[in-house]
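Take a look at the structure below.
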Amino acid sequence: MKTLTNISLKDLTTMKLGGNASFIAEVYTKDDVVEACNSASSQKLPIFVLGGGSNIIARDEGFNGIIVHIHIPGFEVIDDDVNYTTIKIGAGENWDSVVERTINMKLSGIEAMSAIPGTAGATPVQNVGAYGQEIADTMQSLTAYDTKTKTFVELTNTDCEFTYRYSIFRGVSTGRYIITDITLKLSKKQPEPPFYSALQNYLDKHNITAFDVKTIRDAIIEIRKNKLPDPIILPNTGSFFKNAVVGKQQMDGLRAIDNDIPVFEMNDGSYKIPSGWLIEHAGLKGKLIHGIRIYDKNALVLVNESAKSYNDLAKARDEIIKTVHDTFQVQIQQEPLEI
Ligand code: EPU
Numbered sequence: 079m080k081t082l083t084n085i086s087l088k089d090l091t092t093m094k095l096g097g098n099a100s101f102i103a104e105v106y107t108k109d110d111v112v113e114a115c116n117s118a119s120s121q122k123l124p125i126f127v128l129g130g131g132s133n134i135i136a137r138d139e140g141f142n143g144i145i146v147h148i149h150i151p152g153f154e155v156i157d158d159d160v161n162y163t164t165i166k167i168g169a170g171e172n173w174d175s176v177v178e179r180t181i182n183m184k185l186s187g188i189e190a191m192s193a194i195p196g197t198a199g200a201t202p203v204q205n206v207g208a209y210g211q212e213i214a215d216t217m218q219s220l221t222a223y224d225t226k227t228k229t230f231v232e233l234t235n236t237d238c239e240f241t242y243r244y245s246i247f248r249g250v251s252t253g254r255y256i257i258t259d260i261t262l263k264l265s266k267k268q269p270e271p272p273f274y275s276a277l278q279n280y281l282d283k284h285n286i287t288a289f290d291v292k293t294i295r296d297a298i299i300e301i302r303k304n305k306l307p308d309p310i311i312l313p314n315t316g317s318f319f320k321n322a323v324v325g326k327q328q329m330d331g332l333r334a335i336d337n338d339i340p341v342f343e344m345n346d347g348s349y350k351i352p353s354g355w356l357i358e359h360a361g362l363k364g365k366l367i368h369g370i371r372i373y374d375k376n377a378l379v380l381v382n383e384s385a386k387s388y389n390d391l392a393k394a395r396d397e398i399i400k401t402v403h404d405t406f407q408v409q410i411q412q413e414p415l416e417i
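Residue numbers (the working numbering): 79 to 417.
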């Protein structure tokens, strides 16, 4: 394990904002995880687990503790039958490289989650999802270090309590577990329509009628290229807001304001409304607020164009939330976690 001191969080997060962290532990093995945690408890310092930094916002005051930076490798087939292949993946693996490897093996289950930045171990934390697939659909279990009991535990899919953009790791168990590997059960059956509408529209437009996982991956990469800016060129964290979930009464109110509002009815009878649509129809798309650009191709994405600090981002965020609320009486929420 390598430990570095006084590291800029700006360099570790794709939004390119924030102060310094006192220490960063570069963790390559499960033993390194234990060593980093023991070091933190002996110095009475807090820890924060970081993967790719693509879904994390760092505050200006920095972090007086140890950042546990996960690099744990691994990609091992642990089970294989006529229908499924089960693979154990190290938390530090680059997510898109994992997707690519499973596509080369002709496996289905995560192809629609192509080109998402970040690490494999981060995917369960907020139940990452895109174009009709989410990690909860294929994740069987994961291994994590439980900082409370100081043991490694295996958590099943059910233990994680996945819902839309949520798991125990950002709820009741925030800060308790350090994920070291995830196990995915992927299908040998190739994808079949109906597909998520944005994907289907793309396939129709390009007259693609024969599907395998590679066709779907290629289509997703193209769709994302247009809607989600490359964080290396334009600093951003993907969707900056979660989609709004509202009840029947509020939905009726929204339909009265604009009957064309796109809506997805959830299993529990509530309605998911795209925050990108709300932000665009509140007149904010393309605007620059405190150095933060509301991306002109997708209003759900905030790009750090010239913000000087986290404080600028927070001001821009709060103005956007207020304008959407004033226009639609819907409260939208930030999606990335904060350190
Ligand atoms: N829309 C607008 N204006 C905009 C953006 C979107 O009107 O500026 C409308 C679209 O026309 C569409 C609807 O909003 O009718 C939904 O848009 P889209 O299908 O692009 O998806 P999204 O709800 O904006 C979610 C995820 C994305 C994921 C896409 C595709 C969240 C918070 N975001 O976005 O995830 O890639 O679906 O499945 O759930 C991420 O989390 O970082 C992320 C990129």
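In this text, a Cβ means the ideal position worked out from N, Cα and C, and glycines have one as well.
Per DSSP, the unbroken alpha helix (DSSP H) holding A276 starts and ends at S275 to K283. In this model, T252 and H284 are separated by some 43 Å (Cα to Cα). Excluding its 5 nearest sequence neighbours in each direction, A193 has C-beta neighbours in its own chain below 7 Å: D174, I298, I299 and R302, listed in chain order. Per DSSP, the continuous beta strand (DSSP E) segment holding D259 begins and ends at Y255 to S265. In terms of side-chain proximity, the C-beta atom of N205 is found no nearer than 7 Å to any non-hydrogen atom of the ligand EPU. Rounded to the nearest whole angstrom, the CA to CA distance from G131 to I417 is 10 Å. Taken through DSSP and simplified to helix, strand or coil, D158 comes out as strand. Residue range K80 to S86 is occupied by the beta strand (DSSP E) that includes K80.
The stretch 183-199 makes no contact with the stretch 104-117, as fewer than three CB pairs between them are under 8 Å. Cα atoms of D215 and L87: separation of roughly 32 Å, rounded to the nearest angstrom. Every beta strand (DSSP E) of 3 residues or more that sits fully in the stretch 367-413 is shown, in chain order, as 370-372 and 379-382. Per DSSP, the beta-bridge partners of N172 are T197. Per DSSP, K292 is one residue of the alpha helix (DSSP H) stretching across V291 to K305. Between the C-alpha atoms of S387 and I148 there is a straight-line separation of about 26 Å. At a cut-off of 7 Å, the beta-carbon of P269 does not count as near the ligand EPU: no heavy atom of the ligand is closer than that. Within the same chain, Cβ atoms closer than 7 Å to the Cβ of A385 are found at L95, H368, G369, I370 and L391, the five residues on either side in sequence being excluded.
According to the DSSP assignment, L362 belongs to no beta strand (DSSP E), since it is labelled neither H nor E. Per the DSSP secondary-structure output, Y242 pairs with nothing in a beta bridge.
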